[in-house]
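For the protein sequence lines, the chains are A and B, in the order given.
Using my numbering, the first residue of the first sequence is number 471, and each one after it goes up by one.
Using my numbering, the first residue of the second sequence is number 4, and each one after it goes up by one.
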Amino acid sequence: ARCLVENQLYLFTDHWAHLPVRWIPLGIVRFTVMTVCLRLLLVIAGLVAVAFASGNDAPSGKRVLALLDDLKIKWTHSLFFKSLEDRGYSVSYHAASDPAVRLKKYGEWNYDNLILFAPSSSDFAGVTAASIIEFIDSGHNVLVAGDSELGGPTRDIASECNIEFDEDSTQVIDHFNFDVSDFNGGHTVVVADRVLSVPAFFGGKKIDAPVLFKGIAQDIEEDSPLLYNVLAGSATAYSAFPEEAVPSDVFVAGSKIALVSALQARNNARVVVSGSLALFSDKFFTSSVQRYSADGSAQKFEKSGNEQFAKLITQWAFQERGILRVKSVSHHLVGQTEAPAYYTLQDEVEYTIEVEEWNGRRWVPFVTDDLQVEFRRIDPFVRITFPQGKDGNYSARFKIPDVNGVYTFKVEYVRPGYGFLTSIIRPIAVHPFRHNAYERFIPSAFPYYASSISMLAGIFVFSFVFLYHRD
Amino acid sequence: MEAISLFKEFQRGYSDRTPRLTKIIDVFLLYVLLTGVLEFVYCAIVGTFPFNSFLAGFISTVGTFVLGVCLRLQVSPANHFKNISKERAFFDFIFANVVLHLTVFNFLG
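Below you can see the structure in the form of structure tokens.
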């Protein structure tokens, strides 16, 4: 109801209290509702801004679910988990048989990364193998540890990634590269130093000491462009039942054995599978390493490389390193700044792309000298390697070919250790010449022009001679 | 030997017996022929791009040659075009050449 007595707009105070309730002007109701709404919006906006600022659009979040065989593993692997928490991860520890834990609730993921240290569990109650596969397919990362006793779910998850474990109860045995502490054992505590020499995996750092490994062997498909053998067995390693004689056909042997393997999926999800849970244990982190040799002359390392290796490989696995993204991309005619509606044959075009890399804390420019752009119409007509970009800015100029059609600008960067980088701009229309855009006089036709004109000239001269000759 | 004496006979006969006007036309025809041959050789060497220009140039030479031959026929006293005067023949020649070269320059591109 409109209040005819007081027509002014009151602030949200008690000033209007003297009016009868039903005389509160419509304007005030609207105004108060508006201010309340505005304040609510401001608060929400503030919260959202804070949420985004702390996330910093990192490629992967910091919530980790650790699924363990037994919660005791939290204590036997405390150094590993502590280093994770020191890097800012919030880790939730649950037993694999816990029916209450879920990866996903109401369609939202509860966690960003998964550590699966449950090799011998054969019943996953709350989090099933299928949900873990879905987790990977949605772009999240998983660190899996196997062991000599390997249950079904861990084996299934690895085999979904094309990583095959050997049979249950087999171990990696190496009679020439085992630690001196295992001299009287089955030579199953393997000293491994064949680390994949791709700098992007380890951030360019070298593992100082060999890595101790006790567990089961993996076989990865060699031709796969997505799988990497991060820690390989030595030439003398093989996989077999420790107490039995070695069969004539071993599942996998030598440097084909993947002690630790990695999958870089096309959606940038990363899965690191280790055949040994003990690799991450405090015992191996703090133990010294010395290869057994008959004369005891092998070098002794005071501290094994396990802690360093585990830290570097989990940094890679949880997308703290080696993820690329396109910051901006543009194409235009040389001399302009906006992309035109279409190009014409033989136009000079400039293409610019900015690429960034995640360094664990923020996005920094990515500098390389082997980035290429293709100008394709089904097949590439033009392919240019960018000159080394400054500050991650890559720019190339080229001339559009003589073929009209619908083209695509494509930048694809696939390198070991790095995430997939793809930038596709489509469609780019290239029009043929208009009928009056061709060159007016064709140089190679000048003799023909000349002959026609000379015919006319000849006729002109001839006609003078014909008409005015004297017999 | 006989060819040479035959050729010399032809040459003397030609220079004695052809009227001056016909000889003028013959000179012009020779010029047109040479131009046409030169053009064809150029096309054979360089290729047929642009084909329309080649055809236009070549047709202009061939057409002019044919019209010149027609003029020679009508003008030469040895033939029986009695009722066509030299002026009329010449006018036909010029008119046909105009039409021909209009076409040629259109097609020349």
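C-beta atoms are modelled at their ideal positions from N, C-alpha and C, and glycine is treated no differently.
| Item | Value |
| --- | --- |
| Contact set between A:F890 and chain B, taken where Cβ atoms lie within less than 7 Å | Residues of chain B passing the Cβ test: none, with the nearest at roughly 46 Å. |
| Straight-line gap, A:Q858 to A:A662 (C-alpha atoms, nearest Å) | 37 Å |
| Neighbouring residues, chain B, relative to A:L926 (Cβ below 7 Å) | H104 |
| A:S800 versus A:R625: straight-line alpha-carbon distance, rounded | 46 Å |
| CB contact below 8 Å: B:Y17 versus chain A | no |
| Cutoff 8 Å; reference A:K770; Cβ partners in own chain excluding five residues on either side | S758, V759 and Q760 |
| Member of A:P669, A:T640, A:K552 and A:A927 whose CA lies at the smallest distance from the CA of A:I656 | A small correction: the amino acid at residue 656 of chain A is Gly; Ile does not occupy that position in the sequence shown. For the residues A:P669, A:T640, A:K552 and A:A927, the minimum Cα distance to A:G656 belongs to A:T640. |
| Where B:P2 meets chain A, residues with beta-carbon distance less than 9 Å | Outside the displayed range of chain B (4 to 112) lies residue 2 of chain B, so it cannot be described from this structure. |
| Interface flag, B:S79 vs chain A, CB-CB below 8 Å | no |
| Member of A:V614, A:D593, A:I585 and A:E630 whose CA lies at the smallest distance from the CA of A:E604 | A:E630 |
| Where A:R761 sits in the DSSP three-state scheme | strand |
| Where A:Y698 falls, given that 16 or more other Cβ within 10 Å makes a residue buried | buried |
| Contact list for A:V935 against chain B, beta-carbon separation under 9 Å | I27, V30 and F31 |
| C-alpha distance - A:V668 paired with A:E909, whole-angstrom precision | 54 Å |
| Contacting residues, own chain, Cβ-Cβ under 8 Å from A:P680 (five flanking each side not counted) | V661, A662, D663, V759, R761, F771, S774 and G775 |
| Rounded straight-line distance, which links the Cα of B:Y45 to that of A:H901 | 34 Å |
| N- and C-terminal bounds of the alpha helix (DSSP H) containing A:P917 | F916 to Y938 |
| The region 607 to 625 of chain A / the region 589 to 597 of chain A touching (three or more Cβ pairs under 8 Å) | yes |
| Neighbouring residues, chain B, relative to A:S921 (Cβ below 7 Å) | T38, E42, G60, S63 and T64 |
| Nearest to A:S751 (by Cα), restricted to the options A:V720, A:G685, A:I602 and A:Y813 | A:G685 |
| Close-in-space but distant-in-sequence residues of the same chain around B:G39 (CB under 8 Å, 5 per side omitted) | F61, T64, V65 and F68 |
| Backbone CA spacing between A:D693 and A:S914 [nearest angstrom] | 54 Å |
| 8 Å Cβ cutoff met for A:V796 and A:E824 | yes |
| Three-state secondary structure (DSSP) of A:K542 | coil |
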